[in-house]
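Student: Read top to bottom, the protein sequences are chains D and S. Residue numbering for the first sequence follows our numbering, starting at 87 and increasing by one per position. Residue numbering for the second sequence follows our numbering, starting at 30 and increasing by one per position. Below are the structure tokens for one structure; questions will follow.
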Amino acid sequence: MMASSYNAKEEDGHHHPGSVGSGGPGGVKSKKPDNTAFKQQRLPAWQPILTAGTVLPAFFMIGLIFIPIGIGLFVTSNNIKEFEIDYTGVDMSSPCFNCSQNYSWNSTSSCSCSVPFTLDQAFESNVFMYYGLSNFYQNHRRYVKSRDDSQLNGDKSSLLNPSKECEPYRTSDKKQIAPCGAIANSLFNDTLELFYIHPNGSRFAINLVKTGIAWWTDKHVKFRNPAGGDGNLSIVFQDTSKPVNWRKPVYELDPNDPDNNGFINEDLIVWMRTAALPTFRKLYRIIQKKKDNMTPTLPPGDYILEVTYSILTINVTPDYPVRSFDGRKRVILSTISWMGGKNPFLGIAYITVGSVCFFLGVVLLFIHHKYGNRNNNADIPN
Amino acid sequence: MHIYKPEQEPAVRSLGPENLLLKGATLKNTKKIYGVSVYTGMETKMALNYQGKSQKRSAVEKSINAFLCVYLCILISKAVVCTTLKYVWQSKEGQDEPWYNQKTQKEKDTFMYLKMFTDFLSFMVLFNFIIPVSMYVTVEMQKFFGSFFIKWDNDFFDPEIKEGALVNTSDLNEELGQVEYVFTDKTGTLTQNNMEFIECCIDGFQYRQRDVRSELDGFTVTDGPVHKLQPKAGVEKEELFLRALCLCHTVQVKEAGSEETLGDRLDGMLPKPEEERGFIASSPDEVALVKGAMKYGFTFLGLENKKMKIRNRQNDIEEYSLLHVLNFDPVRRRMSVIVQTRSGETLLFCKGADSSIFPRVRPEEVDRIRLHVERNATEGYRTLCVAYKQLTAEEYMVAETGLQDARLALQDREEKLMAMYNQLETGMSLIGATAVEDRLQEEAAETMEALQGAGMKIWVLTGDKMETAKSTCYACRLFQRGTELLELTVRTLEDGRSKREERLLELLRDYHKRAVQDAPPVRTGVVTRSWCGSQEYGFIIDGATLTLVMNPPRDADASLYRSLFLQICQNCTTVLCCRMAPLQKAQIVKMVKNSKGSPITLSIGDGANDVSMILEAHVGIGIKGKEGRQAVRNSDYAIPKLKHLKKLLLAHGHLYYVRIAHLVQYFFYKNLCFILPQFLYQFFCGYSQQPLYDAAYLTMYNICFTSLPILAYSLLEQHICIEILLDNATLYREIAKNAMLRWRPFLYWTLLGIFQGLMFFFGVRFLFSNPALQDNGQVFGNWSYGTIVFTVLVFTVTLKLALDTRHWTWLNHSAIWGSLAFYVFFSFFWGGIIWPFLKQQRLYFVFANMLSSVSAWLVIIILILLSLLPEILLMVLRKPRGPLSRQTAAVTPLSYKHLKERC
């Protein structure tokens, strides 16, 4: 890729014929500097020079490599099926409109709504169900730091004395909140269920897997329930209070599965990994592909998304409220490839850069030819 | 002198400068003396000469400060923009304090303006990394370690004095690459200060001692035995002349052997080991003359009891009693002795500069000798004329009493003595003239030529006579045959009828017209002038005229004179200032230093009289010469020989400059593209001062991840190898005028930083439009975002340096690849453990998870490539007009291809 010459200069840097023997024993101690390659700045060095001639092939190479990668990425991304439903309920016509309104709210009954949708294409393989929020600043500094990782790691002392960073979500009713902090307090708690409407009208609940949605290391190392209580989390957490917005304490997040309860509840873990941008999606459930491999995971057809709102206690609206800050709530169904979710950006970027490099290669070739000739001419008069 | 002996009558004697024992003097011929200390403490010469050694700062540092101001402005404006936008954003309902992110009570209670202020400060803290604080540490380290290379350089080692170069300051390394004006002393710097008697002229006849001079490796081999003189002048005149040479001096004979070691250490004295008889004198000229006389058969044996002994040609000992020594002083420019022969004749011998002797001798004798004197002067020899006068007893008595009175006078002693001397030294008859050569330093001409080729203007500042200095300049090829000399000396001022001031102005105007206005317009570029055959000018001025220029009788003219003078000088390749006092040397340096464009000046000298000039210039260089260590001690760099200046400037200076300039630009650049994504992130996190990178990355970026490669670069880089730098002096011009730290390159680097910062941030931003980046569908959070940006950043910035590195030693390799490896290792390590002392485990397995995502890999690769693409492209496109351009090729027969092969 580079024109290079390896240059090892001989280390003998004597320029003074008279200096021979100045270091002889018994003579006057000479201050003559050491004649080492380093000290004489004569270390052997590789001296690459980038020239048109060397960069040209590199450009062509990059072009040749990047364009196929880009095409591959683009095709892969395009093959990913993605379906997005906004269920915020802004419109009057929206089925979830009622639940998102203040006045229709009756505090005793829960609110749920069904959003029908149709899939045109079959979703093969595992389907991943995300919820997406927009205009929700999970990356706000005050929010990001409002957590106590050692509490979440099962540290007993932190459990009963959470970090000051959790303020103002540190204590309630003179008890320490577990898990403390703004992040945990605002845990996304809409319950999403998916039903398939068979052409014959019957309705099948689709099995949504709750586990495997959080990073393995988070689930197994970073987040841990406090020890003690013989596995009974209600004893462990007895001196703590639930986060103010929650309806139920942390040890009731998933009472059916002890490995998904308390701090190691994966919904909590996913939520605790703060998003990078105000519009984000988080993995909610996984729909595993059917064992027979014959029918697609989600065949094309009609579906119903059933949203059940659990009530946030301090809040005036029943659902997970986003309208106060112009937010949106979405559900995304997506298949996944080796490169992750659907994102045409990488493919386009690779194709563009590859083509630009290729184009530059052509231009450079042209310039190089022209310049090369001129250079030769210029040398002749000398 | 014996002032008082008990058995004698008390006599009044005078104490004058000749009785002063200066620092470093050694006792001779006596075991002890009694002395009185005069001039103590602050009155000593040393204290008086001590100029408050103001700290010298290099031009690079000034550029750094300017850049720093720009970045400070960027920092403040960033903070202001963010603070403003934050409050604009918050004014919208529901944004400031959404239900999920309540403030604490304390925050709510805080006064609004105080909150704004603290927000502003928080942004300042968040963005403060844009100010490269660590650069100062690196620059200091670079300078400190870099200066060792000068000390270590074997080429600077001089086998004669068994010493190499000395570095007294490490702050000015890069300034060596920026020199525009070189002020050099003549004696001892351009010349060896090793006088040799060349010829004499007796009564108009020339006596040249040697016809063939073998010159080998800078050492003259003399053909030992006494040369037969061709009898041209009468024997009597010859002998008189030689006697005069033997008597008219203050040389002392050094006893062979015993005091040799002592003599070696004496400052300013010349041990002469090659003869069985050594001479010691305050001026090397005198030794040369005495030795010259010795070669013609008259040997000075020494002074004992006020009797000077001479062995003449017949091997007889002649004895003369020394009556008076009329000392040499620079105003009279001559010295005399009054001696009495055995036969009772009283003789006055006088020797001195032609201009001071000729008016005092009979005019008819002058013409014959003047011819020789002038010819010798143009050949670069130092000439002296010798005259004598016979004093009658009465005359002597008058002189004796006059001198005695004058010496004892308490007031105006100097003036009285002077008057007495002048009175005595009249009506003499001229016997001859001598020529002494001060040989050029080794490779003086080559060095000067190289420096001129490098675009430096050379000013020779000397106390010597104009003719001598001029011939030295010719010998050093400072003046070439085609050089048009513009003289502004007392002589040119006086040949007009008009008054001196008017004449001065007239001449200045005339020269200005010739040298400045009529000269082809000089391109004010980096690469300039003089190779294309335009007329070169040399300018000569002497001390007296310079005083007139600097302090004209009417103050109003001062600025006019000065500006005319400066403009003329700036258009001359060489300026020769002769008959300079040490202070005037410094004055000139100061004037040039403060002139328009404040050029970088370099002074080089070897003696104590150059100290003021060395201190005044931007860079002071001392030569470890024969005139003691004063200059060396006060210099910034000391080298054993003049010829070493070439490598010091052309190779070391050039490299240091390129290295440090690149270092500075690189530091600003790398901090800009480090912090720009963090700034951009504020637009996406509600202006909440959320850092993009983890705290560990923030602190380690400048300290660990990106510091070593640039340090290695700034110590080892040789973008052009040393041999080529030495061969092509013109390469030096390409970095002249701080070329790499001007606003244009700075703008380039800044734009590069901005471009890359934008690339890093938005590239990852688009990737994160779908944060599900892993093949198991799991999503990445904000710390992953930061880590991807940071990884791209570290790699890009390091690879950018790798692209700039032209000289890859194993140290560069290990620094660059080692840093990258360390980054990866550190990231694994930092994210691999739950750190007990950390409140938040933000990066726990973030890096490892990032690497498990193919998309992250792909985005990192493409962003690195895309960020470096413009740089690569520019590098390729710039080559035709690059540093080794055709212009260079036109000067030297080497074309770029050859350079490449040789390098």
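For every residue, glycine included, the Cβ atom is placed at its ideal position computed from N, Cα and C.
For S:Ala801, which residues does DSSP report across the bridge?
Tutor: Looking at the DSSP assignment, S:Ala801 forms a beta bridge with S:Val808.
Student: So the beta strand (DSSP E) D:Glu392 belongs to, where does it begin and stop?
Tutor: It spans Gly387 to Tyr395 - the beta strand (DSSP E) in which D:Glu392 sits, taken as one unbroken run.
Student: Which of helix, strand or coil does DSSP assign to D:Cys197?
Tutor: Three-state result, D:Cys197: strand.
Student: On a Cα-Cα basis, can you pick out the residue from S:Leu271, S:Gly64, S:Lys57 and S:Lys180 that is closest to S:Thr198?
Tutor: Out of S:Leu271, S:Gly64, S:Lys57 and S:Lys180, S:Lys180 has the C-alpha closest to the C-alpha of S:Thr198.
Student: Closest to S:Lys91 by C-alpha separation, out of S:Ala690, S:Cys102 and S:Phe857, would be which residue?
Tutor: For S:Lys91, the nearest C-alpha among the options comes from S:Ala690.
Student: In chain order, what are the residue ranges of uninterrupted beta strand (DSSP E) at least 3 long that sit wholly in the segment 568 to 656 of chain S?
Tutor: As far as the segment 568 to 656 of chain S is concerned, its whole beta strand (DSSP E) runs of at least 3 residues are 603 to 607, 630 to 634 and 648 to 652.
Student: With a cut-off of 7 Å, does the C-beta of D:Ser186 fall near any C-beta of chain S?
Tutor: Not an interface residue.
Student: Report the rounded CA-to-CA distance for S:Arg237 versus S:Ile231, giving the unit in angstroms.
Tutor: In a straight line, the C-alpha of S:Arg237 is about 11 Å away from that of S:Ile231.
Student: Drop a sphere of 10 angstroms on the beta-carbon of S:Trp846, count the other beta-carbons inside from all chains shown, and report buried for 16 or more, exposed for fewer.
Tutor: Exposed is the call here.
Student: Does S:Asp184 pass the burial test, meaning 16 or more other C-beta atoms within 10 Å, or should it be called exposed?
Tutor: The residue is buried, with at least 16 neighbouring Cβ atoms inside 10 Å.
Student: Would you tell me roughly how many angstroms separate the C-alpha atoms of S:Asn940 and S:Thr412, rounded to the nearest one?
Tutor: Within the shown structure, residues of chain S are numbered from 30 to 932, placing residue 940 of chain S beyond reach of any answer.
Student: Return yes when the Cβ of S:Val823 is within less than 7 Å of the Cβ of S:Tyr19, no when it is not.
Tutor: Absent from the model: residue 19 of chain S. The displayed extent of chain S is 30 to 932, so no value can be given.
Student: One question on the structure: do D:Asn221 and D:Asp412 come within less than 7 Å of each other, judged by their Cβ atoms?
Tutor: The answer is yes: Cβ separation under 7 Å.
Student: Closer than 7 Å, CB to CB, is S:Arg468 near chain D or not?
Tutor: No, because no Cβ of chain D sits closer than 7 Å to the Cβ of S:Arg468.
Student: When the Cα atoms are used, what is the spatial distance from S:Asp756 to S:Phe594?
Tutor: Distance between the alpha carbons of S:Asp756 and S:Phe594 is about 34 Å.
Student: Below 7 Å on C-beta distance, what does D:Thr179 contact in chain S?
Tutor: The sequence shown places Ser at residue 179 of chain D, not Thr. Correct list: empty, because the minimum Cβ distance to chain S is about 24 Å.
Student: State yes or no: is the C-beta of S:Leu377 nearer than 6 Å to some heavy atom of the ligand ADP?
Tutor: Here there are no bound small molecules, and the ligand ADP is not part of this structure.
Student: DSSP state of S:Thr476, grouped into three classes?
Tutor: Helix at S:Thr476.
Student: Output needed in chain order: residues of the segment 887 to 911 of chain S with a Cβ under 8 Å from some Cβ in chain D.
Tutor: Under the 8 Å Cβ criterion, the segment 887 to 911 of chain S contributes Leu887, Val888, Ile891, Leu894, Leu895, Leu898, Ile901, Leu902, Met904, Val905, Leu906, Lys908 and Pro909.
Student: Can you tell me whether DSSP reads D:Tyr469 as helix, strand or coil?
Tutor: The first residue shown for chain D is 87 and the last is 468, placing residue 469 of chain D beyond what the model contains.
Student: Using the rule of at least 16 other Cβ atoms within 10 Å of the residue's Cβ for burial, across every protein chain shown, is D:Met178 buried or exposed?
Tutor: Classification for D:Met178: exposed.
Student: In the structure shown, what three-state DSSP assignment does S:His278 receive?
Tutor: Residue state, collapsed to three classes: coil.
Student: What is the residue span of the alpha helix (DSSP H) that S:Trp778 lies within?
Tutor: It spans Trp772 to Leu796 - the alpha helix (DSSP H) in which S:Trp778 sits, taken as one unbroken run.
Student: Between the alpha carbons of S:Glu305 and S:Cys229, how many angstroms are there, rounded?
Tutor: With a pLDDT of only 49 at S:Glu305, under the threshold of 50, the placement of this residue in the model should not be trusted, and no figure is reported.
Student: Considering just the uninterrupted stretch of the beta strand (DSSP E) at S:Gln235, what are its terminal residues?
Tutor: Residues Phe234 to Arg237.
Student: If you draw a straight line from the C-alpha of D:Lys428 to the C-alpha of D:Gln133, how long is it?
Tutor: The straight-line gap from Cα to Cα measures roughly 44 Å.
Student: By the 10 Å Cβ neighbour count, where 16 or more other Cβ atoms means buried, how is S:Gly810 classified, buried or exposed?
Tutor: It counts as buried.
Student: Below 7 Å between beta carbons: does that hold for S:Ala646 and S:Ser664?
Tutor: Not a contact, by the Cβ cut-off of 7 Å.
Student: State buried or exposed for D:Lys261, treating a residue as buried only when at least 16 other CB atoms are found within 10 Å of its CB.
Tutor: Counting Cβ neighbours within 10 Å, D:Lys261 comes out exposed, since fewer than 16 surround it.
Student: I'd like to know whether the C-beta atoms of S:Asn700 and S:Ile159 end up nearer to each other than 7 Å.
Tutor: Cβ distance < 7 Å, so S:Asn700 and S:Ile159 count as in contact.
Student: Return the chain-ordered list of same chain residues with a C-beta closer than 8 Å to the C-beta of D:Thr360, the five sequence neighbours on each side being excluded.
Tutor: The answer, listed in chain order, is Gln224, Asn225, Tyr229, Val230 and Ile269.
Student: Identify, in the order they occur along the chain, each residue of the same chain with its Cβ nearer than 6 Å to the Cβ of D:Ser249, setting aside the five sequence neighbours on each side.
Tutor: Asp234.
Student: State the DSSP-derived secondary structure class of D:Gly440, mapped to helix, strand or coil.
Tutor: Helix at D:Gly440.
Student: Show which residues of chain S have a CB atom less than 9 Å away from the CB atom of D:Ala131.
Tutor: Neighbours of D:Ala131 on chain S, chain order: Leu745, Gln747, Cys750, Arg835, His836, Trp837, Thr838, Trp839 and Asn841.
Student: Within the same chain, show all residues whose beta-carbon is closer than 6 Å to that of S:Lys672, passing over the 5 residues directly before and after it, in chain order.
Tutor: Counting only Cβ-Cβ distances below 6 Å, and skipping sequence neighbours, we find Glu471, Glu472 and Thr476.
Student: Quick one: which residues of the segment 796 to 815 of chain S get their C-beta closer than 9 Å to a C-beta of chain D? List them in chain order.
Tutor: Under the 9 Å Cβ criterion, the segment 796 to 815 of chain S contributes Leu796, Phe797, Ser798, Asn799, Pro800, Ala801, Leu802, Gln803, Asp804, Asn805, Gly806, Gln807, Val808, Phe809, Gly810, Asn811, Trp812, Ser813, Tyr814 and Gly815.
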